[in-house]
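Converting from the sequence shown to the working numbering requires adding 410 to each position, the first position being numbered 1.
Even for Gly, the Cβ is constructed at its ideal location relative to N, Cα and C.
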Amino acid sequence: MDKFKEKIVIISGGSRGIGRAICLAFAKEKANIVFTYNKSADEALKLAKELTGLGVEVLSLQADVRDYNQCRQVIENTLKKFNRIDILINNAGIVRDKSLMMMLQEDWKDVIETNLGGVFNMTRAAITTLLKQKNGCIINMSSVSGVAGIARQTNYSASKAGIIGFSRSLAKEVAAYNIRVNVVCPGFINTDMVNSLTDNIKKGILEAIPTKRLGEPEEVANVCLFLASEQANYITGETIKIDGGLTL
Ligand code: NAP
């Protein structure tokens, strides 16, 4: 149970849902955790206590991933405390689902700037350190929506497909520096993001999933543990779907 002992993991959007499960999963394996949140200060405080209770060091930082300077601060504070970054998990994301006909420019901009801009901002802020270390692992949270497309998600699909392109290019760019870059594509996972959908939409989703259930945040966290582990040392530029067969 100490696979990641003394490793330093940064997780964006750790306060809720999948990010929270990833923080807990790595802390259970004894990694020290840096996590960010944007609006959910109470949840962040609760999580920080829970993580500390697992016997690891924790840094909880408020930072809006849309803002490059705030992301730079996250990296600077991490280096001040831990002097190193082993794993960066870009998880923060939002949805603003609407048909294209009803979509406002703000809906487009908010989603692209948070989901895709956030991945650029955090990774750009961290990359010099990873290159100097000649070691590192980046995991980016995409979605099946970025692979298969989902109606009423043109903004979200575009952001998540963009993350896949970004990750493949970066994987080629930094492979010689012993830095791996991979992508995780969840299907429908049991978090606030999915639970805020109407009952009718949720019913339709469940019917479409061959395993007839939502995924659990911990099931996404498990794949992140694998991708960040030595067992995945030869895997880079890869995209792994965790969707109960939804996109088959
Ligand atoms: P969630 O429960 O809504 O949590 C979203 C997380 O992102 C929160 O911690 C939130 O922080 C953070 N966040 C949002 N905007 C931010 C910003 N501007 N700056 C910093 N942090 C921000 O969502 P989730 O379901 O766990 O989703 C996590 C990731 O998985 C997202 O990238 C999402 O697109 C992806 N995903 C989810 C599903 C699913 O079915 N749930 C499926 C495919 C992909 P605050 O609450 O502190 O603001």
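Along the chain, where does the beta strand (DSSP E) that runs through residue i open and close?
| i | result |
| --- | --- |
| glutamine 641 | First-last for glutamine 641: undefined, no H or E at that position. |
| phenylalanine 445 | 442 to 447 |
Tell whether a beta-carbon distance below 7 Å holds between residue i and residue j.
| i | j | result |
| --- | --- | --- |
| asparagine 531 | valine 475 | yes |
| threonine 657 | arginine 590 | no |
| glycine 597 | glycine 654 | yes |
| cysteine 634 | isoleucine 432 | yes |
| aspartate 520 | arginine 534 | no |
| phenylalanine 414 | lysine 438 | no |
| asparagine 600 | leucine 616 | no |
| valine 604 | isoleucine 428 | no |
| isoleucine 678 | isoleucine 495 | No answer is possible for residue 678: the residues shown for the chain start at 411 and end at 658. |
| serine 425 | glutamate 453 | yes |
| leucine 526 | tyrosine 587 | no |
| lysine 449 | leucine 469 | no |
| serine 509 | arginine 562 | yes |
| valine 554 | cysteine 595 | yes |
| isoleucine 574 | valine 593 | yes |
| glycine 556 | lysine 570 | yes |
| isoleucine 537 | threonine 524 | no |
| arginine 430 | leucine 457 | yes |
| isoleucine 420 | threonine 462 | no |
Under a three-way DSSP split, which group does residue i fall into?
| i | result |
| --- | --- |
| lysine 651 | strand |
| glycine 465 | coil |
| lysine 660 | Residue 660 lies beyond the residue range present for the chain, which begins at 411 and ends at 658; the question has no answer from this structure. |
| leucine 658 | coil |
| alanine 454 | helix |
| lysine 459 | helix |
| arginine 506 | coil |
| valine 554 | helix |
| isoleucine 485 | helix |
| threonine 646 | coil |
| leucine 514 | coil |
| alanine 631 | helix |
Identify every residue that forms a DSSP beta bridge with residue i.
| i | result |
| --- | --- |
| isoleucine 499 | Ile421 and Ile549 |
| asparagine 592 | Ile549 |
| glutamine 472 | Tyr447 |
| glycine 625 | Ile599 |
How far does the alpha helix (DSSP H) with residue i in it reach, from first residue to last?
| i | result |
| --- | --- |
| leucine 541 | 527 to 543 |
| leucine 434 | 427 to 438 |
| isoleucine 493 | Checking the displayed sequence, the identity of residue 493 turns out to be asparagine instead of isoleucine. First-last for asparagine 493: undefined, no H or E at that position. |
| tyrosine 566 | 564 to 584 |
| lysine 415 | Here lysine 415 belongs to no alpha helix (DSSP H), and DSSP marks it neither H nor E. |
| glycine 614 | 609 to 618 |
Quick check: the segment 544 to 551 against the segment 494 to 514, are at least 3 beta-carbon pairs closer than 8 Å? yes
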